[in-house]
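**Student:** Per my numbering, residue 20 is the first one in the sequence shown, and the count goes up by one each step. Mind looking over this structure? Questions follow.
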Amino acid sequence: MRSFGTEHTFLSAVVANTNGLSLNVADYEHILIFVATSGSADSTLRVQASLSETRPTFSAARSATNRWHFVDAVAKDAADADIIGTTGLVFGGTDKTGAAYEVNTSGENWINVDLASRVAGTVTVTGIAYSN
20 MRSFGTEHTF LSAVVANTNG LSLNVADYEH ILIFVATSGS ADSTLRVQAS
70 LSETRPTFSA ARSATNRWHF VDAVAKDAAD ADIIGTTGLV FGGTDKTGAA
120 YEVNTSGENW INVDLASRVA GTVTVTGIAY SN
């Protein structure tokens, strides 16, 4: 039987480089994230994860005591590109109207998103964690 968390907002109409509001996923196997952009978004979106029991500071550099890493997210629609680790998903002025991605959270305790290299547009990312 599937178990679902509540919908979580990582970024809401963000217009600057930033890290989102992280989500504890320790009790879930996967998370679906939904990405929507507007205003000819020109930026890069990456997914961050951590094995740490306590929430890391995703906006700070990785270290022995601030453990986090970038992870892949697989596009649910074959027409969309996957989000690949440190490369991320680059929006080059073409907006997404609601693309869905799946992140395998096996062994992870925290998931977050990072918006970088922003030049234009807004980005909203929401998600819901679940287990089969």
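Think of the CB as a built atom: it goes at the ideal place given N, C-alpha and C, for glycine as much as any other residue.
Measure from the alpha carbon of N123 to the alpha carbon of each residue in S71, D91, T113, then state which is nearest.
**Tutor:** D91
**Student:** Where do the ends of the beta strand (DSSP E) carrying F89 lie?
**Tutor:** 88 to 90
**Student:** Taking DSSP as the reference, what is the three-state secondary structure of V138?
**Tutor:** strand
**Student:** Please report the residue range of the beta strand (DSSP E) in which R65 lies.
**Tutor:** 49 to 69
**Student:** What does DSSP give as the partner residue(s) for T143 in the beta ladder?
**Tutor:** A55
**Student:** With 16 other CB atoms within 10 Å as the buried threshold, where does N151 fall?
**Tutor:** exposed
**Student:** Going along the chain, which residues of its own chain have a beta-carbon closer than 8 Å to the beta-carbon of D96, five neighbours each way excluded?
**Tutor:** A118, A119
**Student:** Check whether the region 126 to 140 touches the region 62 to 69, taking contact to mean three or more Cβ pairs, one atom from each stretch, closer than 8 Å.
**Tutor:** yes
**Student:** Kindly indicate the opening and closing residues of the beta strand (DSSP E) around V121.
**Tutor:** First, the residue type needs correcting, since residue 121 is Glu and not Val in the sequence shown. Looking at the DSSP string, the run of the beta strand (DSSP E) that includes E121 is 116 to 123.
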